[in-house]
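Just so you know, our numbering puts 365 at position 319 of the sequence shown, and the rest follows in order with no gaps. Every residue, glycine too, gets a C-beta built ideally from N, C-alpha and C.
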Amino acid sequence: MSIDPFPTPTPEIENLLAEDRKFPPDPAFAAQANATAELYAEAEADPEAFWARLARERIDWVEDFHTTLEWDLPFAKWFVGGKLNIAYNCIDRHVERGLGHKVAYHWIGEPGDTRTITFADLQREVSKAANALLELGVQTGDRVAIYMPMIPELPIAMLACARIGAPHTVVFGGFSAEALSGRISDCQAKLVITADGGWRRGKPAPLKPAVDEALESSPTIEHTLVVRRLGDAVEGGTAMQDGRDVWWDDIVDRQPPVHEPVALDSEHMLYLLYTSGTTAKPKGIVHSTAGYLLGASFTHEMVFDVKPDDVYWCAADVGWVTGHSYIVYGPLANATTSVLYEGTPDTPDWGRWWQIIEDYKVNILYCAPTAIRAHMKQGAQYAQAHDLSSLRVLGSVGEPINPVAWLWYQKHIGAGTKPIVDTWWQTETGMIMITPLPGVTTTKPGSATFPFPGIEVDVIDSAGNTVPLGGGGLLVLKRPWPAMLRGIYGDPERYKETYWSRFPGMYFAGDGAKRDLEGYLWLLGRVDDVMNVSGHRLSTTEIESALVSHPAVAEAAVVGGPDPVTGEAINAFVILRLGPSNEPTPALGDELRKHVATKISPIAKPKGLMFVPDLPKTRSGKIMRRLLRDIAQGRALGDTTTLADAGVVDLIRSNTGASED
Ligand code: WT7
């Protein structure tokens, strides 16, 4: 490719991939849908009045609020003057209305053990846990770190904290001792709630040793509260330090089963959740109570079309914001019955999820594109061996979903007809922000479609101007929303700087997006990953989607590398679908590179292409393109602490089968 001597000004991000398949809502679904098109009109007419109406209808208040929004840009306060307790709203009020017998969680342990927890059980267990926290000296306002596997005591611990107004910070159970102690120190937590361990791929995975290690450098911690999950399966037993470590059974079981929830201000800090920047110190994202409760519960009911008798399953880990909003607070506030599963999708085999859906007659599944692509790689035979007819709505979150993965999900999991909701949001937004409404929105595979009612989104260029329809640019949010982050813990300057300084008055999400000629939004990945090839700014997403549209490909990642001629050159990493005819040969590599050129554009044709057995991902399943750039350029690897499986990088490095021009 030669350099254009007269480069024409290019858009912020090139629009390459045209996807024109459309899926209008099924009229029968639309007739019974929770959401209606009127919600958009009502919210646009007066967003504050819209949220105020919903807050009064959906939340049980101890004291009503007097002001809907105080907006001192970028600091928001919602439902000012109100008092409530979120645990009461998630549990007690349902029991008081006769739903005590209703199942809150069908819990499934990885080895196959199960527990059924009703709302009455939850009320009793959360009250006992709250009383135990008080006995351990935790008071309203004290921070509590939670480091647990996916067992019922995890939501119970969160709700017990919320009941007494002690902000929790859940640290994903797969994180290291170092990550745990860093978070504990940042928020000066007083207590850690943990477990002896959990089951992972058929083996016991102890957790308590990492807590012990973390506590060597965490002087603020007074006690640990330890759930017995593995018991005798821990080799050599679990070490407990006298005076510091307390078994959950020993203290929680003997507590009174009644606890009066503390009435808290609307803006009381409910939790902190740390997001790791690429290199910088993790940011403690602050969420508060009333606005968050409203945002999580209302979106949950509308986006997933949840009905009173539905069984809903969000297959994320509670350690991520997805789990906070859509396993714990949103569904419980709506008195929804959820599935909670401890283990991985491939244990004992790739049929596990589909078995769970069949066994529990799951109606709604919410998962990540990385999981869908992993299933796609294995093939549809696992899903086909199970009865998935109970499913009504399928959700996706965490990364752009490639059109072909979307279509696979709908065809093989959704019987070709069930609505797919591709939901865009972030730890910072607390609630789903861009999404179809099932029964209302005509979807296009790969597009998250439109902002949720009341949310204002724009796509702008680097000068801050709206990009015309058909163009790509930077995604911004232009007005406050109830579940928005209230700041970065202890660092208001960093909060302003990170999210609000690049474009005055707008929240910059860090993502690229385009709007097609019909106004549909297409997320294009992180702007840090945008590549500049001969002056064309290309998003990773569209090239990856072009690769995944080839029948041999399950998953792809592209990154830029330096190129003397074009500035940057595109390097592709490709995972093939399992199958006898999909051999990682140079000929297939060439075919795939040409496929990209014809599918989207010759400028997007990868220069190098490498077949890989796996890709480096974060523990929440996002591809770490930064590490792929390091590999492609033969550099030493940058920070690998958030990498889920360190072996993957070596596997890729030792791999052959690359093809190059
Ligand atoms: C980032 C936020 C929100 C819960 C899980 C992730 C990416 C998220 C989508 C989507 C395209 C998406 C964005 C976003 N992302 N959902 N539907 N389509 N990209 O939370 O770890 O804070 O990550 O995930 O890049 O900024 P998070």
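* Asked: Any chance the CB of residue 472 is under 7 Å from a heavy atom of the ligand WT7?
  -> In the sequence shown, counting from the first residue as 1, residue 472 sits at position 426. True, at least one ligand heavy atom lies under 7 Å from that Cβ.
* Asked: Where do the ends of the alpha helix (DSSP H) carrying residue 86 lie?
  -> Numbered from 1 along the sequence shown, position 40 holds the residue referred to as residue 86. Secondary structure note for residue 86: its alpha helix (DSSP H) is the uninterrupted segment 84–91.
* Compare the C-alpha of residue 199 against each of 154, 693 and 225 and name the closest. => One-based indexing of the sequence shown puts residue 199 at position 153. Scanning 154, 693 and 225 for the CA closest to the CA of residue 199 turns up 154.
* Asked: Which same chain residues, not among the five before or five after residue 403, have their C-beta less than 6 Å away from its C-beta?
  -> Taking the sequence shown and counting its residues from 1, the one referred to as residue 403 is at position 357. Contacts found: 434.
* Could you check where the alpha helix (DSSP H) with residue 228 kicks off and where it finishes? -> Along the sequence shown, read from residue 1 onward, the residue named residue 228 stands at position 182. Bounds of the alpha helix (DSSP H) holding residue 228 are 223–233.
* Kindly indicate if chain D contains any beta-carbon less than 8 Å away from that of residue 245. => Absent from the structure is chain D; it holds one protein chain and no more.
* To do: Could I get the ranges of all uninterrupted alpha helix (DSSP H) runs contained in the segment 285–361, with 4 residues as the minimum, in chain order?
  => Taken in chain order, the whole alpha helix (DSSP H) runs of length 4 or more contained in the segment 285–361 are 294–298 and 336–349.
* Asked: Are the segment 204–215 and the segment 299–313 touching, with three or more C-beta to C-beta distances below 8 Å?
  -> Touching, yes.
* Taking Cβ positions, are residue 285 and residue 250 nearer each other than 8 Å? -> By one-based count along the sequence shown, residue 285 stands at place 239. By one-based count along the sequence shown, residue 250 stands at place 204. Against a cut-off of 8 Å, the Cβ pair of residue 250 and residue 285 comes out as no contact.
* Asked: Can residue 120 and residue 545 be called in contact, C-beta distance under 8 Å?
  -> By 1-based counting over the sequence shown, the position of residue 120 is 74. By 1-based counting over the sequence shown, the position of residue 545 is 499. Against a cut-off of 8 Å, the Cβ pair of residue 545 and residue 120 comes out as a contact.
* To do: Go to residue 123, then tell me how far its beta strand (DSSP E) extends in each direction, as first and last residue.
  => As a first step, residue 123 is located in the sequence shown; it is residue number 77 there, counting from the start. Per DSSP, residue 123 is one residue of the beta strand (DSSP E) stretching across 121–126.
* Does DSSP put residue 173 in a helix, a strand or coil? -> Taking the sequence shown and counting its residues from 1, one reaches residue 173 at position 127. In the structure shown, residue 173 sits in a helix (DSSP, three-state: H, G or I).
* Alpha carbon to alpha carbon, how far is residue 370 from residue 388? Give it in angstroms, no decimals. => Indexing the sequence shown from 1 puts residue 388 at position 342. Indexing the sequence shown from 1 puts residue 370 at position 324. Cα-Cα distance, rounded: 15 Å.
* Asked: So, are the CB atoms of residue 426 and residue 475 less than 8 Å apart?
  -> Position 380 of the sequence shown holds residue 426. Position 429 of the sequence shown holds residue 475. No; because the gap between Cβ atoms is not below 8 Å, this pair is not in contact.
* **Same chain, Cβ closer than 8 Å to residue 160, neighbours up to 5 away in sequence not counted** => One-based indexing of the sequence shown puts residue 160 at position 114. Counting only Cβ-Cβ distances below 8 Å, and skipping sequence neighbours, we find 152, 153 and 154.
* **CA-to-CA distance, residue 224 to residue 521, given in whole angstroms** => The count along the sequence shown starts at 1 and reaches residue 521 at position 475. The count along the sequence shown starts at 1 and reaches residue 224 at position 178. Distance between the alpha carbons of residue 521 and residue 224: 33 Å.
* Where residue 77 falls, given that 16 or more other Cβ within 10 Å makes a residue buried -> Walking along the sequence shown from the start, residue 77 turns up at place 31. By the C-beta density criterion, residue 77 is exposed, having fewer than 16 other C-beta atoms within 10 angstroms.
* Under the three-state reduction of DSSP, which class applies to residue 441: helix, strand or coil? -> Along the sequence shown, read from residue 1 onward, the residue named residue 441 stands at position 395. In the structure shown, residue 441 sits in a strand (DSSP, three-state: E or B).
* Whole runs of the alpha helix (DSSP H) within the segment 539–600, excluding any shorter than 4 residues -> 586–594, all fully within the segment 539–600.
* **Reduced DSSP category for residue 618 - H, G, I as helix; E, B as strand; rest coil** => In the sequence shown, residue 618 corresponds to position 572, counting from 1. Three-state result, residue 618: strand.
* Between the C-alpha atoms of residue 690 and residue 699, what's the straight-line distance to the nearest angstrom? -> Working through the sequence shown from its first residue, we reach residue 690 at position 644. Working through the sequence shown from its first residue, we reach residue 699 at position 653. Answer to the nearest angstrom: the Cα atoms are 17 Å apart.
* Do you know offhand how far residue 604's Cα is from residue 295's? -> The residue given as residue 604 occupies position 558 in the sequence shown. The residue given as residue 295 occupies position 249 in the sequence shown. Each residue's alpha carbon lies about 49 Å from the other.
* To do: With DSSP as the reference, please indicate the residues paired to residue 387 in a beta bridge.
  => Position 341 of the sequence shown, counted from the start, is the residue given in the question as residue 387. In the DSSP assignment, residue 387 is bridged to 154.
* residue 586 Cβ short of 7 Å to the ligand WT7 heavy atom set -> Working through the sequence shown from its first residue, we reach residue 586 at position 540. Outside the cutoff, so no.
* To do: Give the straight-line distance between the Cα atoms of residue 769 and residue 480, rounded to the nearest whole angstrom.
  => Outside the displayed range of the chain (47 to 707) lies residue 769, so it cannot be described from this structure.
* Asked: Between 333, 393, 299 and 566, which lies nearest to residue 514 when the distance is taken from Cα to Cα?
  -> For the purposes of this step, residue 514 is identified with residue 468 of the sequence shown, where counting begins at 1. Among 333, 393, 299 and 566, the Cα nearest to that of residue 514 is on 566.
* **Distance between beta carbons of residue 380 and residue 346, contact taken as under 8 Å** => As a first step, residue 346 is located in the sequence shown; it is residue number 300 there, counting from the start. As a first step, residue 380 is located in the sequence shown; it is residue number 334 there, counting from the start. The C-beta distance from residue 346 to residue 380 rounds to 6 Å, short enough to meet the 8 Å contact threshold.
* To do: Note the first and the last residue of the continuous alpha helix (DSSP H) segment covering residue 241.
  => Along the sequence shown, one-based indexing puts residue 241 at 195. Per DSSP, residue 241 belongs to no alpha helix (DSSP H); it is in the beta strand (DSSP E), 237–241.
* **residue 454, DSSP secondary structure in three states** => Residue numbering aside, residue 454 sits at position 408 when the sequence shown is read from its first letter. Residue 454: helix per DSSP, three-state reduction.
* Asked: For residue 687, is the classification buried or exposed, using 16 other Cβ atoms within 10 angstroms of its Cβ as the cut-off for buried?
  -> Mapped onto the sequence shown, residue 687 falls at position 641. Exposed: under 16 other Cβ atoms inside 10 Å.
* Asked: Counting Cβ pairs, one atom from each stretch, are 3 or more of them under 8 Å apart for the segment 329–347 and the segment 126–143?
  -> Segments in contact, yes.
* Asked: Which first and last residues belong to the beta strand (DSSP E) in which residue 116 is found?
  -> Reading the sequence shown from its first residue, position 70 is the one you call residue 116. Counting along the chain, the beta strand (DSSP E) containing residue 116 begins and ends at 113–118.
* To do: Please indicate yes or no: does the CB of residue 543 lie closer than 7 Å to some heavy atom of the ligand WT7?
  => Your numbering for residue 543 matches position 497 in the sequence shown. The answer is no for residue 543.
* Pull up the distance between the alpha-carbon of residue 55 and that of residue 580, whole angstroms please. => Locating residue 55 in the sequence shown gives position 9, counting from the first residue. Locating residue 580 in the sequence shown gives position 534, counting from the first residue. Model confidence at residue 55 stands at a pLDDT of 48, short of 50, so the residue's coordinates are unreliable and nothing is read from them.
* To do: Mind checking which residues open and close the beta strand (DSSP E) that includes residue 413?
  => The residue you call residue 413 lines up with position 367 of the sequence shown. 410–413 is the extent of the beta strand (DSSP E) around residue 413.
* To do: Taking 8 Å as the cut-off, decide whether the C-beta atoms of residue 122 and residue 190 are in contact.
  => As a first step, residue 122 must be located in the sequence shown, where it is residue number 76. As a first step, residue 190 must be located in the sequence shown, where it is residue number 144. Result no, Cβ atoms of residue 122 and residue 190 do not sit closer than 8 Å.
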